[in-house]
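Below is one structure, written out as structure tokens; comments come after it.
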Amino acid sequence: PEGIDRQVQRSTLDAVNAINRRQLDLVGDPEIATRISSYEMAFRMQTSAPEAMDLNNEPAHVLEQYGAEPGKASFANNCLLARRLVQRGVRFVQLFHESWDQHGGLKNG
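Letter by letter, the sequence shown follows residues 507 to 615 in the numbering used here.
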């Protein structure tokens with residue numbers, strides 16, 4: 507999250523996981539193991555997403571191929587972001603474009 511250093515977040519998660527592991531050892535509840543895995547996955551997503559969502563360092567030729575403009579909301583940017591997410595292991599990406607079938611211009615006739 508904004509304002510929280512990645513190392514502080516990692517240390518906090520490690521402390522929470524240590525408590526959860528102790529509880530897992532005592533109780534043996536598989537839901538605790540699932541919780542530990544979920545927290546780890548959430549941390550990986552939070553720490554990798556900012557870089558994946560930043561198009562500013564994308565090579566100019568790639569931006570041109572997609573018609574993407576960093577900082578501007580567009581379907582082209584969404585397509586490029588989807589590619590970047592897939593490259594980082596995301597298994598399912600759904601794109602949305604409200605005007606794909608002229609819904610965006612229905613009020614204008």
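Virtual Cβ for every residue (Gly too), placed ideally from N, Cα, C. Only a predicted model underlies this, so the values are computations on that prediction, with no experimental measurement involved.
**Message:** Here's the rule: buried if 16 or more other CB atoms are within 10 angstroms of the residue's CB, otherwise exposed. What is Asn583?
**Reply:** Taking the first residue of the sequence shown as position 1, residue 583 is located at position 77. Buried.
**Item:** Residue span of the alpha helix (DSSP H) that contains Asp531, given as start and end
**Value:** For this step, residue 531 is matched to residue 25 along the sequence shown. Residue range Arg512 to Val533 is occupied by the alpha helix (DSSP H) that includes Asp531.
**Asked** Between Lys578 and chain B, is there a C-beta pair that is closer than 7 Å?
**Response** The structure shown contains no chain B, having only a single protein chain.
**Prompt:** The alpha helix (DSSP H) with His603 in it runs from where to where?
**Reply:** The residue given as residue 603 occupies position 97 in the sequence shown. From DSSP, His603 is part of no alpha helix (DSSP H); its letter is neither H nor E.
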